[in-house]
Every structure is written in structure tokens, then in C-alpha cells.
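K.L.:
A single structure is presented below for examination.
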Amino acid sequence: MHDWTEPGAFEVADGVFRVPLGMPGDGLEAVNVYALETLDGLALVDAGWRTDTGLAELESALRGIGRGADEVHDVYVTHVHRDHYTLAMELRRRFGARIGLGRGEAPGLHQLLEIESNVPVTSVQQLHRSGDPELAAVIEEMTGAIEYDPASWEKPDTWLSCGEHAVGGRLLEAVATPGHTRGHLVFHDLAAGLLFAGDHLLPTISPSIGFELGEWDLPLGDYLDSLECTLERPDALLLPAHGAPGGSAHARATELIEHHETRLAETVAAVDRLGSATAAQVARLLTWTRRRRAYADLDDFNRMIATCETIAHLDVLVARGRAVVAADAAGARFSLV
Ligand SMILES: [Zn+2]
Numbered sequence: 006m007h008d009w010t011e012p013g014a015f016e017v018a019d020g021v022f023r024v025p026l027g028m029p030g031d032g033l034e035a036v037n038v039y040a041l042e043t044l045d046g047l048a049l050v051d052a053g054w055r056t057d058t059g060l061a062e063l064e065s066a067l068r069g070i071g072r073g074a075d076e077v078h079d080v081y082v083t084h085v086h087r088d089h090y091t092l093a094m095e096l097r098r099r100f101g102a103r104i105g106l107g108r109g110e111a112p113g114l115h116q117l118l119e120i121e122s123n124v125p126v127t128s129v130q131q132l133h134r135s136g137d138p139e140l141a142a143v144i145e146e147m148t149g150a151i152e153y154d155p156a157s158w159e160k161p162d163t164w165l166s167c168g169e170h171a172v173g174g175r176l177l178e179a180v181a182t183p184g185h186t187r188g189h190l191v192f193h194d195l196a197a198g199l200l201f202a203g204d205h206l207l208p209t210i211s212p213s214i215g216f217e218l219g220e221w222d223l224p225l226g227d228y229l230d231s232l233e234c235t236l237e238r239p240d241a242l243l244l245p246a247h248g249a250p251g252g253s254a255h256a257r258a259t260e261l262i263e264h265h266e267t268r269l270a271e272t273v274a275a276v277d278r279l280g281s282a283t284a285a286q287v288a289r290l291l292t293w294t295r296r297r298r299a300y301a302d303l304d305d306f307n308r309m310i311a312t313c314e315t316i317a318h319l320d321v322l323v324a325r326g327r328a329v330v331a332a333d334a335a336g337a338r339f340s341l342v
């Protein structure tokens with residue numbers, strides 16, 4: 006089977022090219038940037054990650070279809086994660102590209118610009134709330150050691166609102182899909198039947214929930230609502246930011262809803278077994294990734310993702326009246342009602 010991470014520019018619809026860019030040292034392997042031909046040049050949906058080779062990879066892929074990165078006049082970014090946003094800074098500096106990012110990403114980006122650090126402070130807080138201060142300390146030290154590069158993090162030119170944006174000859178409708186991040190947008194080309202889904206819908210994995218700075222709120226509850234909202238819109242060809250393109254966006258949204266309902270049921274069963282439990286305790290009873298790995302086999306970063314994912318599920322059980330929570334200095338303890 007064709008490997009979706011193979012470099013190049015691949016036409017996925019009339020005038021729309023998928024350009025996978027490598028993600029060194031990251032389990033996701035690559036991020037798909039989508040290049041759209043316009044009358045004035047090119048517009049991108051997502052920019053990719055500003056690594057040492059990111060721009061060169063983009064340029065060489067575009068050269069393969071007779072185009073250049075200097076033709077990029079606009080970048081529409083689905084969310085503020087580094088693998089989607091940061092290469093846009095470079096495209097603006099070198100070629101004057103305008104950057105649009107969802108308005109809902111502003112609080113997270115502003116907080117990042119203020120703390121000037123790679124420490125995921127909100128996730129660290131959730132680890133404390135999950136009753137795992139040891140892991141919180143490990144993550145703080147590990148991420149605090151990564152140098153913060155201000156050239157990767159600047160404000161966009163435009164804070165995008167929901168609704169239609171004219172991009173060359175097409176209309177992209179920006180649709181709020183909070184969950185993966187609070188201000189996540191997908192871009193829906195209704196006329197062509199295309200959904201530029203960012204990390205809202207990924208073909209083989211379920212996107213992480215609430216890995217961003219700012220208020221925690223109820224990220225999984227928001228995500229499940231966003232999946233339902235996707236189903237209420239016309240179906241479209243799924244163009245994900247990670248993984249092979251193709252298939253029905255509706256079919257994948259339905260699978261992801263089912264996946265989370267199964268996870269919620271497994272979470273209920275784990276709390277039932279433990280009586281009263283912190284998210285850290287529940288996370289150790291669940292299995293992780295598609296390969297159903299034990300918590301003990303995950304690295305520290307993925308333990309953080311797993312624990313935050315668990316507390317997000319527990320928070321939804323509380324919101325649904327299925328569980329109650331009592332919090333003290335040692336964290337939040339959940340029990341079934
Ligand atoms: Zn991503």
C-alpha cells in the first residue's frame with residue numbers, strides 16, 4: 006500500500022494537493038499540508054512544523070508540481086499546535102504570506118507568548134488534579150529543558166471567525182470544532198465536497214483532547230459535541246492532517262463517537278472496580294493506543310496524554326450524572342453514583 010508519509014505533492018481533488026511534511030522524532034511521522042491553487046498563487050490549509058527541514062521539504066514538494074513556496078499568499082491554520090502553525094511564521098517572514106488562525110485559539114497563544122516556555126502548564130495542572138504530582142514534575146522538567154524559540158510563535162494576521170472565506174475560486178466554510186483544542190477549525194468546501202479536517206477527524210487514531218494552554222473546561226464534552234455537529238453537516242471527503250486522505254467524514258465521526266462511548270464504559274468499569282479513584286489510578290487500569298498497550302509501557306509524554314485523556318472522560322461522566330467528584334490537595338477522586 007502507498008505510504009501516506011512519502012514526500013511529494015499529491016492531487017486529492019481538482020487544484021488541491023496534499024503535501025506531507027516529516028515530523029522528526031514524533032510518533033505521528035508526518036503532517037499533511039494542503040495546497041490550493043488560486044488565481045494569485047497558492048493558499049495552504051495548515052502550514053506544517055518549523056523544523057530545520059520543513060521549509061525545504063515544502064519547497065521541493067511544490068517544485069514537483071511546478072509551483073513554489075513563494076507563491077503562498079494565505080495560510081489557513083486549523084489549530085495552534087506546533088506541527089500545524091509554526092512553519093507559517095517562516096512563510097510570512099520570507100514571502101509575506103498572511104496567516105489566519107481561529108479566534109478561539111487566541112487565549113492559548115497569548116498565554117504561550119506570555120510564559121515563553123514549552124511547559125504544557127495546563128496539562129501539568131491536570132496531572133496534579135489527577136493525583137500524579139510525580140509525573141507532573143517529570144513533564145515540567147523535561148519540557149522546560151526544550152528551548153523556547155520566539156521565531157516559531159507569533160500572532161496571526163487574522164483571527165478567523167466561523168463562516169465562509171473566499172479562497173481563490175472556492176468558498177471554504179470555517180466550522181468551529183472545539184475539543185482537540187478550544188479554537189480548532191475545520192474548513193469545509195461544500196461545493197467540492199471536501200473537508201479539511203485538521204486533527205478533528207484522523208483516519209486511524211483518536212485525536213488527543215485538551216492538550217493546550219488555558220482553561221480546562223470540558224474538552225471531551227466539547228469534542229463529542231463537535232463530532233455530532235460534523236454529522237449534521239453534509240458529508241464530505243475526509244482530508245486529515247495526519248494519515249491517508251479519503252473516505253467519508255461522517256463515517257469517521259461516527260466511529261470516533263463509538264470509540265469514546267466504549268472508552269467511557271471502560272472508565273466506568275475501572276472506577277467500579279476501584280470504588281473511589283483518581284484519574285491516575287484509572288489510567289493504569291485502562292489500555293492505550295490501538296495496540297492496547299499497558300500504561301506502564303508508555304513513555305512519560307504519552308503517560309501525560311493518557312492521564313489527561315482519562316480525567317477528561319471522568320469529567321464527562323460527572324457532567325452526565327454518572328459519577329461524582331470530591332477534590333482535595335491530593336487531587337480529584339471520582340466515584341460512581
Ligand atoms: Zn497535529
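Numbering (the numbering used here), first residue to last: 6 to 342. C-beta atoms are modelled at their ideal positions from N, C-alpha and C, and glycine is treated no differently. Being a predicted model, the structure only gives us computed values, none of them experimental.
1. May I ask which residues mark the beginning and end of the beta strand (DSSP E) holding residue 228?
2. Would you identify the three-state DSSP class for residue 245, choosing helix, strand or coil?
3. Over the uninterrupted beta strand (DSSP E) stretch that includes residue 333, give me the two end residues.
4. Once you ignore the five residues that flank residue 69 on each side, which residues in its own chain have a CB closer than 8 Å to its CB?
5. Counting C-beta neighbours from all protein chains within 10 Å, is the total for residue 5 16 or more, i.e. buried, or is it exposed?
6. Here's the rule: buried if 16 or more other CB atoms are within 10 angstroms of the residue's CB, otherwise exposed. What is residue 135?
7. Return the chain-ordered ranges of every alpha helix (DSSP H) run that is complete within the stretch 39-106 and spans a minimum of 4 residues.
8. Could you pull the start and end residues of the beta strand (DSSP E) that residue 138 belongs to?
9. Check whether the Cβ atoms of residue 189 and residue 83 sit closer than 9 Å, and answer yes or no.
10. Mapping the DSSP letters down to three states, classify residue 24 as helix, strand or coil.
11. Kindly examine ligand 1 and report whether one of its heavy atoms sits closer than 8 Å to the Cβ of residue 246.
12. Residues in its own chain within less than 8 Å of residue 64 by CB, not counting five upstream and five downstream?
13. Taking DSSP as the reference, what is the three-state secondary structure of residue 124?
14. Consider the C-beta atom of residue 36 and the heavy atoms of ligand 1; say whether any pair is separated by less than 8 Å.
15. Tell me, please, which residues DSSP counts as bridged to residue 37.
16. Please determine whether the Cβ atom of residue 75 lies at a distance below 8 Å from any heavy atom of ligand 1.
17. Given the structure, does residue 333 come close to ligand 1, in the sense that its CB is under 8 Å from one of the ligand's heavy atoms?
18. Evaluate residue 301 with the Cβ neighbour count: other Cβ atoms within 10 Å of its Cβ, from every protein chain shown; 16 or more gives buried, anything less gives exposed.
19. Can you find the residues in the same chain that come closer than 6 Å, C-beta to C-beta, to residue 33, ignoring five residues on each side of it along the sequence?
20. Got a sec? Which residues, its chain only, sit under 6 Å from residue 76 by beta carbon, not counting five neighbours each side?
21. Could you tell me whether the Cβ atoms of residue 241 and residue 193 are closer together than 9 Å?
22. Count the CB pairs spanning the stretch 101-111 and the stretch 127-141 that are closer than 8 Å, and state whether there are at least three.
P.N.:
To lay it out plainly:
1. Per DSSP, residue 228 lies in no beta strand (DSSP E); the unbroken alpha helix (DSSP H) holding it starts and ends at 224-237.
2. strand
3. 328-333
4. 13 and 14
5. Outside the shown range of the chain (6 to 342) lies residue 5, about which nothing can therefore be said.
6. buried
7. 59-68, 87-90 and 92-100, all fully within the stretch 39-106.
8. First-last for residue 138: 138-149, but that is the alpha helix (DSSP H), not the beta strand (DSSP E).
9. yes
10. strand
11. Checking every heavy atom of ligand 1 against the Cβ of residue 246, one is found closer than 8 Å.
12. For residue 64, same chain residues with a beta-carbon under 8 Å away, outside a window of 5 residues either side, are 73 and 74 in chain order.
13. coil
14. yes
15. 25
16. no
17. Between ligand 1 and the CB of residue 333, the shortest heavy atom gap is not smaller than 8 Å.
18. exposed
19. 247
20. 46 and 47
21. yes
22. Touching, no, given that fewer than three Cβ pairs across the two stretches are closer than 8 Å.
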